[in-house]
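Numbering (our numbering), first residue to last: 113 to 546.
Glycine included, every Cβ here is placed at the ideal spot set by N, Cα and C.
As the structure is a prediction and not an experimental result, all values here were calculated from the model.
These notes concern the structure reproduced below.
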């Protein structure tokens, strides 16, 4: 690849384009994030005749330092990273830069001047350490920032960026943790394959009617195993898994929502479920060591992850699984492409449909992560059960259009986010569960 690149008239913009593609890939070891492209850096240096520091070119610092996480996410540097925080290499996941350089801009020198570099490894000039520092000088211009009126995270109920999606999902499920309805929850779980004995043995308040299937039907859990539930909510599946793996096993719930975690931990304390654990974490960056789980389950959660980050979920699954481990997921998948109106509707997103993938996309995520034996089995269960089960006044759960969410996601609309335009949507027309 280096030889082919050397024959081109390379520009610094070519470098940034390659970085954007490369940063979206997951490495086995995060410490190799720069070393894996060292040969490319050497080739570019030979062509550009410029200095290179931790993934950036010193003649173009004003542009290279202006990287950000794709989708508008906030930078959450890996505490164990071996790279300085000012480098894109310190992040995990896709990054992007500003508007592409024109040819003329690619040849311009940055107004920022690099005075010195400290902490560079003499034995690894194309790697870096977390103690590496840049000392820069440049002109400063005064700028005035005008405070605008507060805006909803979802202007006109359209989805606007990864962090806004997470905020709305978090708000919706925080409300769900506080407003359970036992009759509704029982009806939904029964419709999706949970037996009467499973429901009877589930701890009180753990079933919130947020399922779209029963992953235990294919998980084949065995005594002594470690099972991890991605998006565990109040622990409905975790507590059942804990009983299946026994005292020598372990059931771990992963969730990002504080209200759900608090509810699950309260139930754990009341039931003395000592072989359970609940961890706050996004499922795109699971706070568990490599090769630590025999089985990973998930129930109607992955569809809520923003499209730009879905691949990370499947990558994390493979990382956390032990060799020979297995995944048992129940999720909503689309039968056909949504209309723009439905795709951009916030209520339908938090209701598990607008963010769902199609079958071929889901399989692609699994195979690109490294899974070999993939089986996706459609289940013709009636998704409209979410609406019919709530007619008696219960809160609509995972896949039913919700009538309200907490204020944090929708500005001055408060809790009254009415989804009247979705009340006649036939969920079975657009999606199914697998």
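| query | result |
| --- | --- |
| Proximity of residue 337 and residue 406 at Cβ, strictly below 8 Å | yes |
| 8 Å contact criterion, which residue 422 and residue 409 should meet: CB distance rounded | At roughly 17 Å, the Cβ-Cβ gap does not stay under 8 Å, so residue 422 and residue 409 are not in contact. |
| Proximity of residue 320 and residue 363 at Cβ, strictly below 8 Å | no |
| Residue burial classification, residue 165 (beta-carbon count within 10 angstroms, cutoff 16) | buried |
| Residue 460: first and last residue of the uninterrupted alpha helix (DSSP H) it sits in | 458-462 |
| DSSP three-state assignment for residue 484, whether helix, strand or coil | coil |
| Buried versus exposed call for residue 381 [16 or more other C-beta atoms within 10 Å across all chains shown] | exposed |
| Local Cβ density within 10 Å of residue 352, reported as buried at 16 or more and exposed below that | buried |
| Of the residues 452, 372 and 275, the one placed nearest residue 342, counting alpha carbons only | 372 |
| Residue 154 versus residue 144 - alpha carbon distance | 16 Å |
| Residue burial classification, residue 216 (beta-carbon count within 10 angstroms, cutoff 16) | Confidence is the limiting factor: at residue 216 the pLDDT is only 49, short of 50, which leaves the residue's position unreliable, though a coordinate-based value still follows. Its Cβ having fewer than 16 others within 10 Å, residue 216 is exposed. |
| Simplified DSSP state of residue 181, which is helix, strand or coil | strand |
| Start-to-end residues for the alpha helix (DSSP H) that takes in residue 392 | Not the alpha helix (DSSP H): residue 392 falls in the beta strand (DSSP E), residues 388-392. |
| Identity of the residues DSSP links to residue 169 by a beta bridge | 164 |
| Close beta carbons around residue 359, own chain, < 7 Å, minus the five adjacent residues each side | 387 |
| Own chain, CB closer than 6 Å to residue 132, minus 5 neighbours either side, in chain order | 208 |
| The region 465-481 / the region 441-457 touching (three or more Cβ pairs under 8 Å) | yes |
| Expected contact under 8 Å - CB spacing of residue 238 and residue 346 to nearest Å | Wrong, their Cβ atoms sit about 48 Å apart, outside the cutoff. |
| Per DSSP, cross-strand counterpart(s) of residue 208 | 180 |
| Assumed close pair residue 416, residue 464 - CB separation to whole angstroms, cut-off 8 Å | 6 Å |
| Residue 383, enclosing alpha helix (DSSP H) - first and last residue | 370-383 |
| Contact belief for residue 325 with residue 344 at Cβ below 8 Å, rounded distance in angstroms | Between residue 344 and residue 325 the Cβ distance is about 15 Å, and since that is not below 8 Å, they are no contact. |
| Terminal residues of the alpha helix (DSSP H) in which residue 274 lies | 274-290 |
| Among 437, 284 and 375, the one whose alpha carbon lies nearest that of residue 403 | 437 |
| C-beta atoms of residue 148 and residue 200 nearer than 8 Å | no |
| Cβ-heavy atom distance, residue 370 to the ligand ATP, below 7 Å | For the structure depicted, the ligand ATP is absent and the ligand set is empty, with no information on it obtainable. |
| Neighbourhood of residue 261 by C-beta, 7 Å cutoff - its chain only, sequence neighbours within 5 removed | In this predicted model, residue 261 has a pLDDT of only 39, less than 50, meaning its place in the structure is not dependable; the value taken from the coordinates is given anyway. Nothing meets the Cβ criterion. |
| In DSSP terms, what residue 411 is bridged to | 442 |
| Through-space distance from residue 433 to residue 139, alpha-carbon basis | 16 Å |
| Beta-carbon proximity list for residue 549, same chain, < 6 Å, skipping 5 on both sides | Nothing can be reported for residue 549: it is not among the residues displayed for the chain, which extend from 113 to 546. |
| Pairwise C-alpha distance: residue 297 and residue 513 | Because residue 513 sits at a pLDDT of 38, beneath the cut-off of 50, its placement in the model cannot be relied upon, and the following sentence gives the value as read from the coordinates. C-alpha separation (whole angstroms): 15 Å. |
| Sequence-distant residues of its chain with Cβ nearer than 6 Å to residue 391 (five each side left out) | 366 and 399 |
| Closest by C-alpha distance to residue 467, when choosing among 448, 485, 350 and 203 | 448 |
| Which of helix, strand or coil DSSP assigns to residue 473 | helix |
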